[in-house]
Structure formats: structure tokens, C-alpha cells
Amino acid sequence: MLLKVNGDSVEIDDGSNMDQLLDVLEIPKTKVAVELNGVVIPNSELLGKVLKDQDILEIVRAIGGG
Numbered sequence: 002m003l004l005k006v007n008g009d010s011v012e013i014d015d016g017s018n019m020d021q022l023l024d025v026l027e028i029p030k031t032k033v034a035v036e037l038n039g040v041v042i043p044n045s046e047l048l049g050k051v052l053k054d055q056d057i058l059e060i061v062r063a064i065g066g067g
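Using this note's numbering, you'd call the opening residue of the sequence shown number 2 and step up by one each time.
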């Protein structure tokens, strides 16, 4: 299936969930916020969220600075 992630097209297996997508994108699963089709997904629901073809995601990682 085809997703739009942070403006880029990403192809992933049908039936994949957020946990699998983050693995494919090599994004750590901690300190991450995800908006799926305009709705922010609570961290408690994030990793199990099943994705659908043509979903639009914005993924933001928190990074420290000083």
C-alpha cells in the first residue's frame, strides 16, 4: 500500500501497523508524535494502529538541545 509520510510517498505491506512503519523508516519508537489523516494519535494507541492505503502521516521526533 502507498502512504504519504511527511510529504514523501512510502510503500509498505498491506495490513501494516505503525510499529512496522517506524521500523521500516528506522525511527525510534520513543519520543515520537504522529498525526494520521489530520488526527493526533495518542501514544497509548500508536504502535498498534493499523494503516490503510493512501493514509497521510506527519511524524515528529522530539530531540534534545541545549
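Where is the CB? At the ideal position from N, CA and C, for every residue including glycine.
Anticipated Cβ contact below 8 Å, residue i with residue j, distance rounded
i: LYS15; j: MET2; result: A small correction: the amino acid at residue 15 is Asp; Lys does not occupy that position in the sequence shown. Between MET2 and ASP15 the Cβ distance is about 5 Å, and since that is below 8 Å, they are a contact.
i: ILE60; j: ILE28; result: 6 Å
Within-9 Å CB hit, residue i to chain C
i: LYS50; result: The displayed structure is made up of one protein chain only, and chain C is not part of it.
C-alpha gap between residue i and residue j, whole angstroms
i: LYS50; j: GLU12; result: 17 Å
i: ASP54; j: GLY66; result: 36 Å
DSSP state of residue i mapped onto helix, strand, coil
i: GLU59; result: strand
i: SER10; result: strand
i: LEU22; result: helix
i: GLU27; result: coil
i: LEU47; result: helix
Residue i, buried or exposed, once every other Cβ within 10 Å from all chains shown has been counted against 16
i: VAL6; result: buried
i: VAL35; result: buried
Those residues which DSSP pairs with residue i across a bridge
i: LYS5; result: SER10, ILE57
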